[in-house]
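Report on the following structure.
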Amino acid sequence: MSTTIDINPDAESSAAAKGKAPLIGTSTTHGGGNNKGIAIFDFLLRLGAIIAAFCAAATMVTSDETLPFFTQFFQFEAGYDDLPAFQFFVITMAIIGGYLVLSLPFSVVAIIRPHAVGPRLLLLILDIVALTLNTAAAAAAAAIVYLAHNGNQSSNWLAICVQFGDFCQKVSGAVVASFVSVVVFMLLVVISGLALRKQN
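The opening position of the sequence shown corresponds to residue 1 in full-length UniProt numbering, with each subsequent residue numbered one higher.
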């Protein structure tokens with residue numbers, strides 16, 4: 001008398017597949033979903049930073065003001081090109097805006113391929129460099145704007161915002177926009193670091 005036990009290979013393979021499927025599905029789908037969401041947020045932040053950077057540069061460039069109550073031969077004029085700090089500000093913000101535009105394709109690649117390390121690492125390094133430049137330009141311009149509003153009696157710097165109100169208003173707005181882009185770059189660096197950590 002013999003006893004035979006039938007083993008269904010299909011059932012065994014399906015059971016093995018059932019045991020492994022949730023583990024594989026959870027690791028790839030969940031991580032990919034998180035990284036893709038981070039990449040989309042990164043792209044949106046870059047669009048906001050582009051607007052802030054170009055608005056800061058454009059506002060500073062158009063901040064010239066001439067006092068109207070002098071003759072055409074003798075006039076007082078205030079412009080961004082009179083101060084090297086403001087010239088540095090305009091050039092830097094234009095470079096940063098251009099970099100942000102060029103970084104958009106890499107951000108799109110990070111959305112399409114959320115597990116790709118190369119584009120994310122490149123963006124992280126370049127974002128840190130851009131953050132440094134942006135902070136330097138914003139801080140230099142902010143120091144001049146402070147002197148324009150308040151002056152400095154020790155060094156005989158007069159507050160010119162009483163006379164050049166429109167000029168001071170525009171340069172102040174440009175500085176605020178530049179600090180907005182600084183905050184956005186800080187967020188970009190943080191989320192890039194988080195995305196790289198999730199991939200390890």
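Just so it is clear, CB atoms sit at the ideal spot from N, CA and C, and this is done for glycine as well.
In this text, all values refer to a predicted model and were calculated from it rather than measured experimentally.
Can you tell me whether DSSP reads A159 as helix, strand or coil? coil
Whole angstroms are fine: how far does the CA of G98 sit from the CA of L161? The question names Leu, but residue 161 in the sequence shown is Cys. About 31 Å.
Relative to the C-alpha of A39, which candidate in F88, V117, F86 and A58 has its C-alpha closest? V117
Same chain only: Cβ atoms within 6 Å of A148, ignoring 5 sequence neighbours per side: I160, C161 and C168
Can you check whether the CB of A78 is closer than 8 Å to the CB of E65? Contact annotation: E65 and A78 have beta-carbon atoms nearer than 8 Å.
Taking 6 Å as the limit between beta carbons, can you name the residues of its chain near F43, skipping five residues before and five after? So the list reads S107, once near-sequence residues are dropped.
Output the distance between the C-alpha atoms of D166 and T62, rounded to the nearest integer angstrom. 10 Å
Would you kindly report the start and end of the unbroken alpha helix (DSSP H) that includes A142? Counting along the chain, A142 sits inside the alpha helix (DSSP H) bounded by residues V117 to N150.
T92 lies in the alpha helix (DSSP H); which residues open and close that run? Here the alpha helix (DSSP H) through T92 covers P84 to I112.
Would you call the CB atoms of R120 and A110 closer than 8 Å? yes
Alpha-carbon to alpha-carbon, L123 and R46: 11 Å
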